[in-house]
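Enquirer: Per the working numbering, residue 9 is the first one in the sequence shown, and the count goes up by one each step. Note that CB positions come from ideal geometry on N, CA and C, so glycine has one too.
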Amino acid sequence: MDIKKYFEGKLAALHAESDFPFARHTTIGTGGTAALALSPASSEETVALVKTLKGQKIPYCHLGVGANVLPADGYFEGAVIRTDRLRTLEAEGTEIFCGAGVTAGSLLSFAKKRGIGGLEFLAGIPASLGGAAVMNAGVKGKHLSDVVLSVLAVEGDRIYEFPAKDCGFSEKTSIFQSGMTVVGVRLKGHPVLPSEIEERENVYRAKRAHLPKGRSMGCVFVNPEGHFAGKLIEECGCKGLSVGKAFVSTEHANFIINGGATSREIAALIRLVKTTVFERTGILLREEIRYIP
Ligand SMILES: Cc1cc2nc3c(=O)[nH]c(=O)nc-3n(C[C@H](O)[C@H](O)[C@H](O)COP(=O)(O)OP(=O)(O)OC[C@H]3O[C@@H](n4cnc5c(N)ncnc54)[C@H](O)[C@@H]3O)c2cc1C
Numbered sequence: 009m010d011i012k013k014y015f016e017g018k019l020a021a022l023h024a025e026s027d028f029p030f031a032r033h034t035t036i037g038t039g040g041t042a043a044l045a046l047s048p049a050s051s052e053e054t055v056a057l058v059k060t061l062k063g064q065k066i067p068y069c070h071l072g073v074g075a076n077v078l079p080a081d082g083y084f085e086g087a088v089i090r091t092d093r094l095r096t097l098e099a100e101g102t103e104i105f106c107g108a109g110v111t112a113g114s115l116l117s118f119a120k121k122r123g124i125g126g127l128e129f130l131a132g133i134p135a136s137l138g139g140a141a142v143m144n145a146g147v148k149g150k151h152l153s154d155v156v157l158s159v160l161a162v163e164g165d166r167i168y169e170f171p172a173k174d175c176g177f178s179e180k181t182s183i184f185q186s187g188m189t190v191v192g193v194r195l196k197g198h199p200v201l202p203s204e205i206e207e208r209e210n211v212y213r214a215k216r217a218h219l220p221k222g223r224s225m226g227c228v229f230v231n232p233e234g235h236f237a238g239k240l241i242e243e244c245g246c247k248g249l250s251v252g253k254a255f256v257s258t259e260h261a262n263f264i265i266n267g268g269a270t271s272r273e274i275a276a277l278i279r280l281v282k283t284t285v286f287e288r289t290g291i292l293l294r295e296e297i298r299y300i301p
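1) Just how far apart, CA to CA, sit F177 and P202?
2) Does the stretch 40 to 58 come into contact with the stretch 81 to 101, if we say contact requires no fewer than three beta-carbon pairs (one atom in each stretch) closer than 8 Å?
3) So what's A214 in DSSP terms, helix, strand or just coil?
4) Are the beta-carbon atoms of Y68 and L78 separated by less than 7 Å?
5) Given the structure, does L134 come close to ligand 1, in the sense that its CB is under 6 Å from one of the ligand's heavy atoms?
6) Can you tell me whether N144 is buried or exposed, with buried defined as 16 or more other CB within 10 angstroms of its CB?
7) Enumerated in chain order, which unbroken segments of the alpha helix (DSSP H) with a length of 4 residues or greater are wholly contained in the stretch 43 to 116?
8) Relative to the C-alpha of G248, which candidate in S117, I265, A217, G222 has its C-alpha closest?
9) From S288 to R32, what distance separates their C-alpha atoms?
10) Is R93 near ligand 1, judged by its Cβ being under 6 Å from some heavy atom?
11) Between M188 and N76, is the Cβ-Cβ spacing less than 7 Å?
12) In the DSSP output, which residue or residues are listed as bridge partners for E163?
13) Could you give the C-beta distance for E206 and K120, rounded to a whole number, given that I count them as a contact under 8 Å?
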């Protein structure tokens, strides 16, 4: 089916962008082109969109701020569901409802103004709240799952509210990686003075100062039980290893830096690191990053 033709005139309100370049919308800055990107502005529009895509058997994938994805090279004859217009932010007491497209930075400013603390660990993490829920984003000792009350996601032709205990949160994963569309997240904070929130955020930001500069997806691999992926990769001699213009960061071995590479080269480097670590240690690293579409 000609996807662009199908959507022509039908879903103009979805801020459709044709020939959507993944490289411009991801932190790694690689990848090909999708036929269409569609940005619903409400939960209802998202349900209708998912229903249409499924009904027409149009392949699709999701994109938040694109900080943890490796998009395929080439042409994707399908649709990207973007969450950039799902921006609702509401507070009731110390509970906050965030649309999936709210960024971690906007959430933190909103919470700080209202004296709602407990979310400071998100400071400096490039994320939409939808992406953060899917990935259970966080830092050592603190993850989104610690502050989630529930996640709203499209399944079938309606929206379900999944209480935190049913979200399958674990190390950098959740049930939402199965392809459901997250439209919003309810979070719980607690009362904290804005000045104290600011201080805590600064502490978290300072800890990130050592992270490698350059285009990356953040940590490529999940830390295996009892190990740090970066340390294992370094001990296996992979620091600086390269395929084409992609290389393992010399500062932090769990980062791959794009120095002008293709996604294919980055994927090949990921495989090479996995194989090397497995052959030397018997430990099979699991990717944290997601391959799209
Ligand atoms: C420099 C750098 C530092 C980082 N530091 C950290 C860190 O300290 N801690 C950490 O946890 N992560 C970190 N990351 C990774 C990234 O910030 C997180 O994983 C973040 O949660 C990704 O959010 P996103 O909006 O970019 O999601 P995306 O990368 O856009 O998407 C991630 C996955 O979720 C899916 N997805 C996105 N939105 C939705 C939705 N609404 N519904 C369904 N599926 C969806 C995508 O299809 C993809 O599979 C870092 C990344 C970078 C580049």
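Expert: This is what the structure gives:
1) Distance from the CA atom of F177 to the CA atom of P202, rounded to whole angstroms, is 29 Å.
2) Contact holds: three or more Cβ-Cβ distances are below 8 Å.
3) If DSSP states are grouped into helix, strand and coil, A214 belongs with the helices.
4) With contacts defined as CB atoms closer than 7 Å, Y68 and L78 fail to qualify as a contacting pair.
5) Reading the sequence as shown, one finds Pro at residue 134 and not Leu. Yes, the beta carbon of P134 sits closer than 6 Å to at least one heavy atom of ligand 1.
6) Counting every other CB atom within 10 Å of its CB across the protein chains shown gives N144 a total of 16 or more, marking it as buried.
7) Within the stretch 43 to 116, the complete alpha helix (DSSP H) runs of at least 4 residues are 51 to 63.
8) For G248, the nearest C-alpha among the options comes from I265.
9) Here residue 288 turns out to be Arg, not Ser, going by the sequence shown. CA-CA distance, R288 to R32, rounds to 37 Å.
10) For ligand 1, not one heavy atom lies less than 6 Å from the Cβ of R93.
11) Result no, Cβ atoms of M188 and N76 do not sit closer than 7 Å.
12) Answer is R166.
13) In this structure, E206 and K120 form a Cβ contact; the two beta carbons are roughly 7 Å apart against a cut-off of 8 Å.
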